[in-house]
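A short worksheet on the structure shown next.
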Amino acid sequence: MSTETSQAVAPAPDTALVRRLIAGRFPQWADLSLAPVASAGTANAMYRLGGDMVVRLPRTAGSARDVAKEHTWLPRLAPRLPVAVPAPLGQGEPTGDWPWPWSVYRWLDGRNPVPGRLEAPDRLAGDLAGFVAALRRLDPADGPAAYRGEPLAERDAVTREAVAGLRGTVDGPAATAVWEEALGAPGPARPVWIHSDLQPGNVLVARGRLSAVIDFQCVGLGDGAVDLIAAWYLLPAKAREVFRAAVGADDAAWARGRGWALSIALLELRYYRGRDARMAAIAAHVVEELLRDHRARHDGGTTPPRDGR
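Structure, rendered in structure tokens:
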């Protein structure tokens with residue numbers, strides 16, 4: 009799960025603390041090997057447990073509130089999705105050592121993709137489209153609101169504040185033009201199931217194909233265009249068109265998808281600068297891809313960036 013705002017992030021628990029939590033809640037697993045997992049995310053700490061499990065502990069209050077949602081909905085969604093998703097195996101309760109609920113999941117093999125170094129971008133684009141389409145086909149009855157389930161227009165103020173706060177780093181006029189184009193697009197006909205956070209840290213690939221989608225803390229009902237952020241967070245320009253065609257995004261949805269990607273990336277770039285170089289670099293890459301796309305659509309890509317860049 010990505011962090012767009014300044015939630016307080018707890019220090020990552022150490023191995024000894026995690027082992028005490030496991031021994032207290034799941035004594036049958038107390039003697040299994042335990043090792044920290046390098047994670048691209050920032051809202052959870054992860055530990056490999058034995059050979060086929062992973063412990064995930066939320067590091068923010070917001071992430072902690074979503075633990076129960078994952079345990080409720082992942083078993084219902086998993087059989088209807090075309091790739092592996094986390095399988096909850098157990099839930100731990102808050103203790104004197106750790107203030108929030110935590111989880112044990114089945115371990116999923118794969119690696120996070122690196123934009124610009126994909127083995128088979130077109131195949132990954134098709135796989136991502138298949139996942140998004142399968143989510144959208146699910147019955148929305150009784151589904152929870154997604155983390156990014158609000159109308160795009162409700163992000164107007166914070167997005168413009170982010171543009172202003174990144175003056176000198178981001179081409180403000182171009183970013184504003186992309187944003188206003190998204191705001192002017194017709195809205196969705198109805199809410200659908202969305203993952204809400206299809207970024208490199210929440211996707212696993214193997215042999216160039218999508219092998220799993222992880223971190224469903226943001227899942228729920230919202231504008232299907234939110235999941236189009238994968239086009240800019242994960243794919244190069246040519247594969248973007250493959251993804252768009254496969255997912256069936258019309259002009260309005262694609263414009264809103266650009267808006268969602270821009271808003272999320274701007275807020276992340278502003279937040280992560282000086283905090284997390286990797287997350288800031290991903291966000292900066294997404295913004296640049298969106299602005300390059302904007303220049304190509306409007307003036308052939310020949311206009312030099314403004315704001316001194």
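Residue numbers (the working numbering): 9 to 317. Here a beta-carbon is modelled for each residue, glycine too, at the ideal position from N, C-alpha and C. Predicted, not measured: the structure shown is a model, and the values here were computed from it.
Cβ-Cβ distance between residue i and residue j below 9 Å
{"i": "leucine 243", "j": "leucine 174", "result": "no"}
{"i": "proline 208", "j": "proline 152", "result": "no"}
{"i": "glycine 157", "j": "alanine 220", "result": "no"}
{"i": "tyrosine 5", "j": "aspartate 284", "result": "Coverage of the chain is limited to positions 9 through 317, which leaves residue 5 absent and any answer about it impossible."}
{"i": "leucine 160", "j": "glycine 195", "result": "yes"}
{"i": "glycine 216", "j": "leucine 126", "result": "yes"}
{"i": "threonine 23", "j": "leucine 42", "result": "yes"}
{"i": "aspartate 301", "j": "alanine 261", "result": "no"}
Same chain, Cβ closer than 7 Å to residue i, five either side skipped, listed in chain order
{"i": "valine 250", "result": "Asp130, Ala133 and Gly134"}
{"i": "proline 90", "result": "Gly138, Phe139 and Ala142"}
{"i": "arginine 67", "result": "Val17, Ala18, Ala20, Ala51, Asn52 and Ala53"}
{"i": "valine 294", "result": "Trp240, Tyr241, Ala269 and Ala273"}
{"i": "alanine 292", "result": "Leu277"}
{"i": "threonine 103", "result": "Leu29 and Gly32"}
{"i": "methionine 287", "result": "Thr50, Glu276 and Tyr280"}
{"i": "alanine 72", "result": "Pro66, Trp108 and Pro109"}
{"i": "aspartate 105", "result": "Leu25, Arg28 and Leu29"}
{"i": "arginine 88", "result": "Ala142 and Leu146"}
{"i": "leucine 218", "result": "Val91, Leu132, Asp135, Leu136, Phe139 and Val211"}
Identity of the residue in the options nearest residue i by Cα
{"i": "glycine 70", "options": "Asp259, Val294 and Trp108", "result": "Trp108"}
{"i": "alanine 149", "options": "Trp81, Ala220 and Val26", "result": "Trp81"}
{"i": "aspartate 164", "options": "Arg305, Gly267, Ala291 and Ala304", "result": "Gly267"}
{"i": "arginine 144", "options": "Ser271, Ala24, Arg28 and Asp235", "result": "Asp235"}
{"i": "alanine 182", "options": "Leu218, Asp105 and Glu297", "result": "Glu297"}
{"i": "valine 63", "options": "Trp187, Asp105 and Trp110", "result": "Trp110"}
{"i": "leucine 206", "options": "Pro44, Arg27, Ala233 and Gly124", "result": "Ala233"}
{"i": "alanine 214", "options": "Gly256, Ala128, Ala257 and Pro94", "result": "Ala128"}
{"i": "serine 47", "options": "Ala254, Pro123, Leu65 and Pro96", "result": "Leu65"}
{"i": "alanine 257", "options": "Asp307, Gly282 and Ala197", "result": "Ala197"}
{"i": "glycine 124", "options": "Asp307, Ala253, Ile290 and Leu212", "result": "Ile290"}
{"i": "valine 166", "options": "Ser271, Gly282 and Pro44", "result": "Ser271"}
{"i": "alanine 263", "options": "Asp307, Trp187, Gly282 and His306", "result": "Trp187"}
{"i": "alanine 76", "options": "Gln225, Arg305 and Lys246", "result": "Gln225"}
{"i": "arginine 305", "options": "Pro83, Thr177, Pro94 and Glu189", "result": "Glu189"}
{"i": "leucine 191", "options": "Glu162, Gly176 and Thr177", "result": "Glu162"}
Proximal residues to residue i (C-beta, below 8 Å), its chain only, five neighbours per side dropped
{"i": "tryptophan 37", "result": "Ile30, Leu57, Gly58, Met61 and Val112"}
{"i": "aspartate 259", "result": "Ala193"}
{"i": "phenylalanine 34", "result": "Gly98, Gly100 and Val112"}
{"i": "threonine 184", "result": "Arg168 and Val171"}
{"i": "proline 83", "result": "Ala95 and Pro96"}
Sequence-distant residues of the same chain with beta carbon closer than 6 Å to residue i, five excluded per side
{"i": "asparagine 210", "result": "Ile222 and Asp223"}
{"i": "threonine 310", "result": "Confidence at threonine 310 is low in this model, with a pLDDT of 45, below 50, so the placement of that residue is unreliable and no value is reported for it."}
{"i": "alanine 92", "result": "Leu116 and Ala220"}
{"i": "glycine 265", "result": "Ala233 and Leu236"}
{"i": "histidine 79", "result": "Pro96 and Gln99"}
{"i": "arginine 248", "result": "Ala239"}
{"i": "proline 44", "result": "Tyr55"}
{"i": "alanine 254", "result": "Gly134 and Ala137"}
Strand pairing of residue i, partner residues [DSSP]
{"i": "valine 255", "result": "Its beta-bridge partners do not exist; DSSP assigns none."}
{"i": "alanine 220", "result": "Ala92 and Leu212"}
{"i": "isoleucine 202", "result": "Gly228"}
{"i": "valine 63", "result": "Tyr55 and Val112"}
{"i": "leucine 266", "result": "Before going on, a small fix: residue 266 reads as arginine here, not leucine. For arginine 266, which the question treats as bridged, DSSP gives no partner whatsoever."}
{"i": "glycine 100", "result": "Trp110"}
{"i": "valine 178", "result": "Arg175"}
{"i": "proline 44", "result": "Tyr55"}
{"i": "arginine 119", "result": "Val213"}
{"i": "alanine 153", "result": "Leu229"}
CB contact check: residue i to chain B, cutoff 9 Å
{"i": "glycine 134", "result": "No chain B is present in this structure, which holds just one protein chain."}
I'd like to know if the region 184-204 and the region 224-244 are in contact, where contact means that at least 3 CB-CB pairs between them fall below 8 Å.
yes
Given 8 Å, three or more beta-carbon pairs between the region 275-282 and the region 169-185:
yes
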